[in-house]
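There are 2 protein chains.
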Amino acid sequence: MKRIALLGYGTVGSGVYEVVEKNIDSVQSKFGVDLSIEDILVRNKDKYADLPHADKFKTSFDEIMASKPDIVVEVMGGLSPAYDYIKACIENGVHVVTANKDLIAEHGQELQNLAVQKDVALLFEASVGGGIPVLKPLQECLGGNSIDSITAVINGTTNFILSKMYNESMGYEEALKIAQDVGFAEADPTSDVQGFDAVRKLAILSSLAYGQEFKWSDMPTIGITDIDSDDIECVKTMDSKIKLLAYSEYINNELYAAVRPVVVSNSDPIALIDNEFNAVILTGDSVGEVMFIGKGAGKLPTASAVFGDILDIIQNKKEKSFIELRRDATIHKLWPKSSKWMIRLVGGDKNKLIQLLLSQFAGSELRIQTSGHDNQIHAVVQSDNEAELLGKLSSLDKSTEVDQIKYFLVYR
Amino acid sequence: MKRIALLGYGTVGSGVYEVVEKNIDSVQSKFGVDLSIEDILVRNKDKYADLPHADKFKTSFDEIMASKPDIVVEVMGGLSPAYDYIKACIENGVHVVTANKDLIAEHGQELQNLAVQKDVALLFEASVGGGIPVLKPLQECLGGNSIDSITAVINGTTNFILSKMYNESMGYEEALKIAQDVGFAEADPTSDVQGFDAVRKLAILSSLAYGQEFKWSDMPTIGITDIDSDDIECVKTMDSKIKLLAYSEYINNELYAAVRPVVVSNSDPIALIDNEFNAVILTGDSVGEVMFIGKGAGKLPTASAVFGDILDIIQNKKEKSFIELRRDATIHKLWPKSSKWMIRLVGGDKNKLIQLLLSQFAGSELRIQTSGHDNQIHAVVQSDNEAELLGKLSSLDKSTEVDQIKYFLVYR
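Each protein sequence line maps, in turn, to chains A and B. Under the numbering used here, think of the first position of the first sequence as 1, with each following residue one higher. Under the numbering used here, think of the first position of the second sequence as 413, with each following residue one higher.
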């Protein structure tokens, strides 16, 4: 008998309950193990009084620990009290499965070390990419590879908003409102739209992929709040889209890792990842590029990943996650490679803006497009790296003709 | 110390050697295990006399077994003598990793049962999708799902040929020749171009996904040898491509499973899977659609998958593959659902062909396009199922106006 306790019974928690209940018979027949959800921790158990399993709801964590669960599934989210609860579980020899990316990005290494010491499992497949199998394929199937880069569209909320803005020519605020109405965005969308959710997932992925603990707060993070309809119109003329990309790559033994909106050609597979879908591309030295696509959030997809972790624990498989240091690298704050950039200049007379641009990017491969507006242009320029680009943009910014400059990395 | 013996040293075998050697230190530091390739079975060891590891090459399987390997990696391909060797390994308590889809599709269930009985691992991630992690994500990460369908582009050779025919307007023979020149097709391409390679992989995937042993020889299999430039031109007018699809789905408690060329819209992600790339889409009741993309063959991608299996064995993880019977289903020979089909008629006068088509598909949603040719038309028709379609096509075939009829399922 494996006794499971759920911490939290929101969207994901109720999904986990459903998926576990549905699989009790098959787990029994396949592994000879009786699986049972014994307790569910919630704040207010009266809310669930009408459910057939109302007796499982508890409001005290101590009470739940007293009934000695084998596995605790943490699906409350947030750092507190989730951190204390998970730590207590590990210290008491209880296996933990969590979907909590905030917690793993913040305390993953420490909790993982504790779990190794206490010989229990701490698994968190659902924390990155929701239902998409990513962490296990990365750590196990691709274990013979050195990972060179990670490219991911890994926040469904921002991807949904950007898809709406692109496909239905909406403004940001209108698209955000719809995302909130259909449940893809929280009432307070800060963590998603500012890129914090994506960068936490990128930090988890990067730490596992490169065998080194990376802090999400060291990674430059730009969200989508400054993207407007004009940006979208500009990239449409380039047969491209804007995607919020979570990207990390080893370049000259240093890591570039950032979340930022980038311009992606419509002929790139990443451009097809629309709405609530997520995609993770891993590049390994043996396997080349492998791409995983699916729903990155939601009740049952997330529960599917949590259940995969439970199956690992049932079969007594403990992964070494956050593996030991393989490389020691700092994080580049600026894109260090030669690349194309889309630049938008808003200001005075179109022709003067063009002259200014030509003066700064004289030697560069330059493609200038003027839109319907008289006072703005957009261009694709080539630059050796982001620092060089910023130097030139800063010169442009000094001109009285220029009111606003926006720039986006053009992704491969 | 884990002693590995390689059976075979072709493209994949030499790749496995390379990947194992590269990872010896990291395996030691991560798992405290010394990994060593001790023996390599080949037919003619003189061929390898100049290699630094020339002393490892042996020509006798008995000699290799006498030195008591812990893990045998079978990368010879084919049924004989691979089957006898693998069986002997399992019976002698030696773990086996294989990339041999022919063997697993033919004898997987039997060998798996023997492996369970002898308490050894038989792992074959590389047999489907080359380097792409598919079998482990399916069996472990998605273990809480009932799989509803599998959609796969899973033969790189045919995908390369179809890509060449489409992108460079080549004929089949010319594209095949190029595939052979660049090493994507064998001198005898039968197994690939007739769809046998793909259907064997589909049988392995389907058996694991639906928990029942399916024989590849029960699955209707159509290759790409009959596809000509005119077919390609026709689908281009529909903004679509032809892809060789390996597909299985539970429909009304029966399985439809087949390999066949289908028409795929260019807006479908599957249309982006070009050249030697493979894709596998799994639909689960909890997770929805997840898609895995990568290189389905080649030296190092395949070696990457083999090495992932070796890591599992090092960590003493034995999967229950070919899990026990969950459903008992026969295989539909014909597409059982309402669908669109592309039909090509070649024969007499275009207008008479149109009249014939209208007479048979009067009630159907019908889209007829005439190409540059005077004696042929193509159309998209709607039909309740393939049997109904075949009935109507058989009536058309009786007309003296019709010389040739071709038809393709239009995929979703």
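Positions of the beta carbon are idealized from the N, C-alpha and C atoms, including for glycine.
Quiz item: Hey, does N665/B have any beta-carbon neighbour from chain A nearer than 8 Å?
Solution: Cβ-Cβ to chain A under 8 Å: no for N665/B.
Quiz item: Are the C-beta of E701/B and some C-beta of chain A separated by less than 8 Å?
Solution: Chain A, which has a Cβ nearer than 8 Å to the Cβ of E701/B, makes this yes.
Quiz prompt | Helix, strand or coil at I323/A according to DSSP, with G and I counted as helix | solution = The pLDDT assigned to I323/A is 48, lower than 50, so where the model puts this residue is not dependable; a value taken from the coordinates is nonetheless given after this. Three-state result, I323/A: coil.
Exercise. Have a look at L778/B, K613/B and E552/B and flag the residue whose alpha-carbon is nearest the alpha-carbon of G308/A.
Key: G308/A has its Cα closest to that of E552/B, out of L778/B, K613/B and E552/B.
Exercise. In angstroms with no decimal places, state the Cα-to-Cα distance between R412/A and V264/A.
Key: Rounded to the nearest angstrom, the two C-alpha atoms are 8 Å apart.
Practice problem: Starting from V431/B, find everything on chain A with Cβ-Cβ shorter than 7 Å and list it in chain order. | Solution: The contacting residues are G144 and S286.
Practice problem: Count the other C-beta atoms from every protein chain shown that fall within 10 angstroms of the C-beta of G372/A, then say buried if there are 16 or more, exposed otherwise. | Solution: The residue in question, G372/A, is exposed, as its Cβ has fewer than 16 Cβ neighbours within 10 Å.
Quiz item: Taking Cβ positions only, does L712/B come closer than 8 Å to chain A?
Solution: Taking Cβ atoms only, chain A reaches closer than 8 Å to L712/B, which makes this a yes.
Quiz item: Given that K707/B touches chain A, what residues does it touch there, using C-beta distances under 9 Å?
Solution: Close to K707/B, with beta-carbon spacing below 9 Å, are these residues of chain A in chain order: V287, G288, E289 and V290.
Self-check item: Separation of L746/B from Q794/B, as counted between CA atoms
Solution: Q794/B and L746/B have their alpha carbons spaced roughly 15 Å apart.
Quiz item: If you count every other CB in all the chains shown that lies within 10 Å of the CB of H32/A, and 16 or more means buried, which is it?
Solution: Per the sequence shown, the amino acid found at residue 32/A is Gly instead of His. Exposed: under 16 other Cβ atoms inside 10 Å.
Practice problem: Using the Cα positions of K810/B and L765/B, report the straight-line distance between them to the nearest angstrom. | Solution: Roughly 12 Å separates the two Cα atoms.
Self-check item: For G195/A, the nearest candidate out of V346/A, D181/A, V259/A and P133/A (CA to CA)
Solution: Closest option to G195/A, Cα to Cα, is V259/A.
Quiz item: So, does the CB of S537/B fall closer than 8 Å to a CB anywhere in chain A?
Solution: Going by the sequence as given, residue 537/B is Glu instead of Ser. A Cβ of chain A is located within less than 8 Å of the beta carbon of E537/B.
Quiz item: Between F704/B and P545/B, which are expected to be in contact by the criterion C-beta below 8 Å, what is the C-beta distance as a whole number of angstroms?
Solution: Rounded to whole angstroms, the Cβ separation of F704/B and P545/B is 7 Å, and the two are in contact under 8 Å.
Exercise. Grab the span of the alpha helix (DSSP H) containing P713/B for me, first residue to last.
Key: Going by DSSP, P713/B is part of the alpha helix (DSSP H) stretching over K711 to I726.
Exercise. Return yes when the Cβ of G15/A is within less than 8 Å of the Cβ of K299/A, no when it is not.
Key: Cβ atoms of K299/A and G15/A: closer than 8 Å.
Quiz prompt | Below-8 Å beta-carbon distance, N571/B vs any chain A residue | solution = Among the residues facing chain A, N571/B is not included, as its CB has no counterpart in that chain under 8 Å away.
Quiz item: What does I682/B pair with, by DSSP beta-bridge criteria?
Solution: Answer is none; I682/B lacks a bridge partner.
Quiz item: Shorter than 8 Å from the beta carbon of N435/B to some beta carbon of chain A?
Solution: Nearest CB-CB separation between N435/B and chain A: below the 8 Å threshold.
Quiz prompt | the segment 143-151 of chain A touching the segment 164-182 of chain A, judged by at least three CB pairs closer than 8 Å | solution = Taking a cut-off of 8 Å for Cβ pairs, the segment 143-151 of chain A and the segment 164-182 of chain A do not touch, as fewer than three such pairs fall below it.
Self-check item: Inter-residue spacing [alpha-carbon to alpha-carbon] between K350/A and L390/A
Solution: Distance between the alpha carbons of K350/A and L390/A is about 21 Å.
Self-check item: Neighbourhood of A303/A by C-beta distance below 6 Å, restricted to the same chain and skipping five residues each side
Solution: Closer than 6 Å at Cβ, skipping near neighbours: G15, V16 and V19.
Exercise. Return the CA-CA distance between L418/B and Y497/B, expressed in angstroms with no decimal places.
Key: Each residue's Cα considered, the two are about 11 Å apart.
Self-check item: Beta-carbon proximity list for N632/B, same chain, < 6 Å, skipping 5 on both sides
Solution: A small fix is needed here, since residue 632/B is Pro in this sequence, not Asn. So the qualifying residues of the chain are A670 and K745.
Practice problem: Enumerate, from N- to C-terminal direction, the unbroken beta strand (DSSP E) stretches of 3 or more residues contained entirely within the segment 454-534 of chain B. | Solution: Within the segment 454-534 of chain B, the complete beta strand (DSSP E) runs of at least 3 residues fall at 483-486 and 507-510.
Quiz item: What is the DSSP secondary structure of M219/A, reduced to helix, strand or coil?
Solution: DSSP, read as helix, strand or coil, puts M219/A in coil.
Quiz item: Quick one: which chain B residues come within Cβ less than 9 Å of F184/A?
Solution: Under the 9 Å cutoff, chain B gives no residues; its nearest Cβ is about 15 Å from F184/A.
Practice problem: State yes or no: is the C-beta of N787/B within less than 8 Å of the C-beta of E688/B? | Solution: Not in contact: N787/B and E688/B (Cβ atoms no closer than 8 Å).
Quiz prompt | Beta carbon of V479/B nearer than 8 Å to that of D446/B | solution = According to the sequence shown, residue 479/B is Ser rather than Val. Going by C-beta atoms, S479/B is not nearer than 8 Å to D446/B.
Quiz item: Between the segment 594-611 of chain B and the segment 567-586 of chain B, are three or more C-beta pairs nearer than 8 Å?
Solution: Judged by Cβ distances under 8 Å, the segment 594-611 of chain B makes contact with the segment 567-586 of chain B, as three or more pairs qualify.
Quiz item: Helix, strand or coil: which one does DSSP assign to R200/A?
Solution: If DSSP states are grouped into helix, strand and coil, R200/A belongs with the helices.
Quiz item: Can you tell me whether DSSP reads V128/A as helix, strand or coil?
Solution: V128/A falls in the coil class under three-state DSSP.
Quiz item: P549/B CB to nearest chain A CB: under 8 Å?
Solution: Cβ-Cβ to chain A under 8 Å: yes for P549/B.
Self-check item: chain A contacts from the segment 797-823 of chain B (Cβ-Cβ distance under 9 Å)
Solution: If the cut-off is 9 Å between Cβ atoms, the segment 797-823 of chain B has nothing near chain A.
Self-check item: Interface residues of chain A facing L725/B [CB-CB closer than 8 Å]
Solution: It is worth fixing the name first, because residue 725/B is Ile in this sequence and not Leu. By Cβ distance, chain A contributes nothing, its closest Cβ being about 12 Å from I725/B, past 8 Å.
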